[in-house]
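Okay, structure first, notes after.
Numbering (UniProt numbering), first residue to last: 1 to 172.
Following this line, the structure appears as structure tokens:
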């Protein structure tokens with residue numbers, strides 16, 4: 001709604017405003033583009049108008065959706081899944097992502113998986129073995145190794161810290 005209002009203020013007519021994509025009828029002048037960018041930034045939104053930035057956001061959103069919001073991780077490997085969903089060759093996607101973000105898609109996936117593991121540890125509903133299985137790790141050892149590499153802590157120690165914080169809060 002906010003985006004549509006900003007377009008109206010600038011006298012721009014849109015065909016479609018969908019998640020992250022706007023189609024306008026007119027050619028946007030540099031002044032209009034600048035004004036739209038400033039107005040959206042004030043609202044906490046960012047105007048991405050170059051193809052690479054848009055593609056990077058799509059990759060990041062797809063990874064976040066896969067890892068944080070899907071009940072089941074894809075049965076195919078991540079590279080095939082990302083390539084298929086975005087309809088691009090994976091090598092192109094990987095090279096573009098690395099060039100823009102400075103890390104590989106695989107590193108980004110691992111960071112997101114570890115964030116999800118941290119959430120699951122805090123919820124305390126699953127054992128570490130169940131979390132490893134849910135997150136498609138080959139073993140608890142593999143999960144623990146990646147977790148320690150990213151956070152500097154073992155999953156068990158991380159969970160103990162959380163439990164200790166919780167007890168300290170209860171004692172207040």
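All residues carry an ideal CB built from backbone N, CA and C; glycine is no exception. Keep in mind that this is a model prediction, so the values were computed, not measured.
- Its Cα nearest to that of residue 155, the residue 117 stands out among 100, 35, 117.
- Considered as a whole, the UniProt domain "HTH araC/xylS-type" (57 to 161) harbours 78 to 86, 90 to 101, 105 to 123, 128 to 134, 140 to 151 as its complete alpha helix (DSSP H) runs of no fewer than 4 residues, in chain order.
- The residues 104, 105, in chain order, have a CB closer than 7 Å to that of residue 94 in the same chain once the five nearest residues on each side in sequence are set aside.
- Contact between the region 118 to 137 and the region 155 to 171 is present: three or more C-beta pairs spanning the two stretches fall below 8 Å.
- Residue 40 sits in a helix when the DSSP states are folded into three classes.
- Around the C-beta of residue 169, fewer than 16 other C-beta atoms lie within 10 Å, and the residue is accordingly described as exposed.
- Here the alpha carbon of residue 111 sits roughly 14 Å from the alpha carbon of residue 142.
- With a cutoff of 9 Å on beta-carbon distance, residue 52 and residue 96 are scored as near each other.
- When the Cα atoms are used, residue 9 and residue 64 turn out to be separated by approximately 33 Å.
- Distance check between residue 34 and each of 85, 88, 98, 7 places 7 closest, using alpha-carbon atoms only.
- DSSP places residue 10 in the coil class of the three-state scheme, outside both helix and strand.
- For residue 28, the three-state secondary structure derived from DSSP is coil.
- Residue nearest to residue 59 within the set 166, 81, 129 is 81 (criterion: CA-CA distance).
- In this model, residue 85 and residue 138 are separated by some 25 Å (Cα to Cα).
- For the 9 Å CB-CB criterion, residue 88 and residue 55 form a contact.
- For the pair residue 101 and residue 108, the CB atoms are nearer than the 9 Å cut-off.
- Distance between residue 136 and residue 27, taken at the CA atoms: about 47 Å.
- Straight-line spacing of the CA atoms in residue 69 and residue 113 works out to 12 Å.
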